Each structure stands twice: as structure tokens, then as C-alpha cells.
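Student: If you read the sequence shown in the working numbering, its first letter stands for residue 77, the second for the next number, and so on.
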Amino acid sequence: MKPPQHFSNSSPEGNSESEFAQELEEVERSLVSLKERYTQVQSDKEHKAQLQQRRQDLQHNKNPTPEIKAELRQIKQQLEVLEINLESQLFSWRSFKKPFWQAVRFGGMGVIIGWILKSCVR
Numbered sequence: 077m078k079p080p081q082h083f084s085n086s087s088p089e090g091n092s093e094s095e096f097a098q099e100l101e102e103v104e105r106s107l108v109s110l111k112e113r114y115t116q117v118q119s120d121k122e123h124k125a126q127l128q129q130r131r132q133d134l135q136h137n138k139n140p141t142p143e144i145k146a147e148l149r150q151i152k153q154q155l156e157v158l159e160i161n162l163e164s165q166l167f168s169w170r171s172f173k174k175p176f177w178q179a180v181r182f183g184g185m186g187v188i189i190g191w192i193l194k195s196c197v198r
């Protein structure tokens, strides 16, 4: 087995290695961010289920007191905040950047080809 070769950063291989290292660091950061988001989503889902259960318990009360009504309003507000938290950050500009620019590029090409074909038909 050959020992690994070390290249200097001035060579083309060194540039590709540094680019690879940068890309790898970005992937690792994205993975950490994804794990944090997953943990947050799981926690929010559990909290949402608990709040929904508590809301059902309070709604089945035959004689709601002002305290129960206030707690129901508070639970409703907390559920709305949790829904927003669960929906946010599911899509980011980074996830749409590549498909967006591809759509712009190929859509633009389609318009140009359409103009060319239209001018040829006349």
C-alpha cells in the first residue's frame, strides 16, 4: 500500500483538496443544524400533543370557570406559536437556490427559443 501523498496548495490538487475540506466543513455544519432542528421539531411535537390533550380535558368540563377559559386561550396561543415553529425553517433559500436558478435559466432559454421560432415562422 502506498503512503498518502501530500500536495502543496499551489498545485491544482491542493486547491481541490482545500475546496473539498471547505465543502466538508459546510456539510458538517449543515448536519449539525439539521440535527438541532430535528431535536427541536420532536420536542415541539411532544409539547403540542400535551397541550392538545390538556385542551381536550378542559373543553370536556361542563362548568367552565373564568380560569379555565383563560387557560384555554393561553393553550390556543401556545399551539399557534408551536405551529409556526414547526412550519418555519422547513424551507430555506438555500434549498430553493439551485432549482430557482435552473428554472430562471431554462425558462429564459425557453423564451428566447420561442422568440426565435416565432420570428422564423413569419
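Built from N, CA and C at the ideal position, the CB exists for glycine as well.
Owing to the predicted nature of the structure, the values given are computational and were not obtained by experimental measurement.
First and last residue of the alpha helix (DSSP H) that includes Lys138?
Tutor: The sequence position of residue 138 within the sequence shown is 62, counting from 1. Careful: Lys138 lies outside any alpha helix (DSSP H) and carries neither H nor E.
Student: Given this structure, state the Cα-to-Cα distance separating Glu143 from Asp120, to the nearest angstrom.
Tutor: Along the sequence shown, read from residue 1 onward, the residue named residue 143 stands at position 67. Along the sequence shown, read from residue 1 onward, the residue named residue 120 stands at position 44. Distance between the alpha carbons of Glu143 and Asp120 is about 25 Å.
Student: Do Leu148 and Arg131 have their C-beta atoms within less than 8 Å of each other?
Tutor: Locating residue 148 in the sequence shown gives position 72, where the first residue counts as 1. Locating residue 131 in the sequence shown gives position 55, where the first residue counts as 1. Contact: yes.
Student: If you drop the 5 nearest sequence neighbours on each side, which residues of the same chain put their C-beta closer than 8 Å to that of Val117?
Tutor: For the purposes of this step, residue 117 is taken as residue 41 along the sequence shown, with counting starting at 1. These residues qualify, in order along the chain: Leu162.
Student: From Leu107 to Ala146, what distance separates their C-alpha atoms?
Tutor: For this step, residue 107 is matched to residue 31 along the sequence shown. For this step, residue 146 is matched to residue 70 along the sequence shown. Leu107 and Ala146: Cα-Cα distance of roughly 41 Å.
Student: Report, in whole angstroms, the separation of the C-beta atoms of Leu127 and Ile151, which I expect to be a contact under 8 Å.
Tutor: Residue numbering aside, residue 127 sits at position 51 when the sequence shown is read from its first letter. Residue numbering aside, residue 151 sits at position 75 when the sequence shown is read from its first letter. Leu127 to Ile151, Cβ: 5 Å. Contact.
Student: According to DSSP, simplified to helix, strand and coil, what is Arg105?
Tutor: Sequence index remark: in the sequence shown, residue 105 carries index 29 (1-based). If DSSP states are grouped into helix, strand and coil, Arg105 belongs with the helices.
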